[in-house]
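Remarks on the structure that follows.
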């Protein structure tokens, strides 16, 4: 579990070694780990941002954070660059799962309510169908 931390945002990513297949990394982050991440975090109804790429040992990946319960929680949106010097080896996959225990430093953007977002999205859908 996450101990005392009450996560507000989460993200995931994978670097596939240079002898690997990008689709294996994508399958890990999009198919295999979503439910376990939510279980450990104690919920989370919003999409878990994630990305995968092929890269060398010591390569970097940007983990994109998004709000756990509200994907429009601007203060929970952040990015963290991760690098592990000796991973992934050519035939390995480096899997990264990260949680944000609060807001990004000095966050002060206040978005609109989820209800207001729903109304705007509906209006966009209606205008797109005309």
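Numbering (this note's numbering), first residue to last: 5 to 134.
Even for Gly, the Cβ is constructed at its ideal location relative to N, Cα and C.
Nothing here was measured: the structure is a model prediction, and the numbers come from that model.
query, result
"For residue 55, which beta-bridge partners are listed by DSSP?", "17"
"Let me know the secondary structure DSSP gives residue 121 once reduced to three states.", "helix"
"Please work out which residues of its chain come closer than 6 Å, Cβ to Cβ, to residue 55, disregarding the five sequence neighbours upstream and downstream, and give them in chain order.", "17"
"How far does the beta strand (DSSP E) with residue 97 in it reach, from first residue to last?", "97–104"
"Let's see if you can read the secondary structure: which residues bound the beta strand (DSSP E) around residue 65?", "64–71"
"Measure the C-alpha to C-alpha separation of residue 129 and residue 122 and round it to an integer number of angstroms.", "11 Å"
"Using alpha carbons as the reference points, say which of 78, 127 and 132 lies closest to residue 115.", "78"
"Residue 97 to residue 120, Cα distance in whole Å?", "40 Å"
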